[in-house]
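*Asks:* Okay, so the sequence shown: first residue is 94 according to my numbering, each after it adds one.
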Amino acid sequence: MTFSLVARCKETGMFGLAITSSSPAVAARCSYARAGVSAVASQNITDPSLVPLALDMMERGLTACEVTEEIVKYGKFVDYRQVLVVDKFGGTAIHSGPNSLGIWAQANALNVASGGNLLSNDGIPQVIVDEFLAAKKHIGDRLIAAMQGALDAGGEDGPIHSAGIKILDKVSWPIADLRCDWTEECPIETISTLWEIYKPQLDAYIKRALDPLETPSYGVLGNQ
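(1) Helix, strand or coil, according to DSSP, for S124 in the structure here?
(2) Grab the span of the alpha helix (DSSP H) containing L261 for me, first residue to last.
(3) Here's the rule I'm using: 16 or more other beta-carbon atoms within 10 Å means buried, otherwise exposed. How should G251 be labelled?
(4) Is the segment 214-228 touching the segment 189-202 in the sense that three or more CB pairs, one from each, lie closer than 8 Å?
(5) To the nearest angstrom, report how far apart T308 and C102 are at their CA atoms.
(6) DSSP three-state call for I290: helix, strand or coil?
(7) Which runs of the beta strand (DSSP E) at least 3 residues long sit entirely within the segment 188-271? Give them in chain order.
(8) Spell out the partners DSSP gives G109 in its beta bridges.
(9) Is the Cβ-Cβ distance between S189 and I237 less than 8 Å?
(10) Per DSSP, D180 is paired with what?
(11) So, does the segment 270-287 touch the segment 126-134, judging by three or more C-beta pairs under 8 Å?
(12) Under 8 Å by Cβ, that's how I've got I77 and S124 pegged, so tell me the actual separation to the nearest angstrom.
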């Protein structure tokens, strides 16, 4: 029901995630990150409790591979889970249990990992990895390009209804957390449009939080 990627920008150290699914509100349930630490996706009969465990272990210094090994060792029903991890050094690791749904696959490289289930074909994650690595842009643009590449390659075996991207940088909160929780149209196109609107204002929103006296208004009522 899902395909996703977790990634790190080697130039900036930003973490990013993108995910889509036929299920509602997938980004709210399956995508997590902690600035300066890691990005983690938990999917395929999701167990959200695995994520704080993974993030806490990486904050203590474990690598993506070590964390994935611990999840497999101590997690419950791990044969049904897919977990994708990227650490602050760009190391990546994936666990895909043998009971993942339908056609499932995974692919990873330095700074990016992708996985999916109920896919139209098993090449989708590699397309996602290749598209992310090929784009030399802001990590948000690269996340969108990777997901659109997956759609062009066949995407999920059936309609998708929700999607999201999340970006973490030097502050403790996500600097972008854009979601489409349900649509009968294409949620990736919705997220792409949201990103084009949000991207020019991203830095200003950070500055507003850090020093509201030094930030511009975008003419929004209430100047939020």
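Note that CB positions come from ideal geometry on N, CA and C, so glycine has one too.
Remember, predicted model here, so these are calculated numbers, not experimental data.
*Replies:* In brief:
(1) Residue 124 sits at position 31 when you count from the first residue of the sequence shown. The answer is strand: DSSP assigns S124 an E or B state.
(2) Stepping through the sequence shown from its first residue, residue 261 is reached at position 168. No alpha helix (DSSP H) contains L261, which is instead part of the beta strand (DSSP E) from 255-261.
(3) What you label residue 251 is simply residue 158 of the sequence shown in a count that begins at 1. Burial call: exposed.
(4) Counting Cβ pairs under 8 Å, three or more are found: they touch.
(5) As a position in the sequence shown, residue 308 is number 215, starting the count at 1. As a position in the sequence shown, residue 102 is number 9, starting the count at 1. Going from the Cα of T308 to the Cα of C102 covers about 26 Å.
(6) Locating residue 290 in the sequence shown gives position 197, counting from the first residue. Residue state, collapsed to three classes: helix.
(7) Counting only unbroken stretches of 3 or more residues, the beta strand (DSSP E) elements lying wholly within the segment 188-271 are 198-202, 205-210, 255-261, in sequence order.
(8) As a working note, residue 109 is residue 16 in the sequence shown. Paired residue(s): A100, I260.
(9) Here residue 189 refers to the residue found at position 96 when the sequence shown is read from its first residue. Here residue 237 refers to the residue found at position 144 when the sequence shown is read from its first residue. For S189 and I237, no; Cβs fall outside 8 Å.
(10) Locating residue 180 in the sequence shown gives position 87, where the first residue counts as 1. Per DSSP, S131.
(11) no
(12) There is no way to answer for residue 77, as the model of the chain reaches only from 94 to 317.
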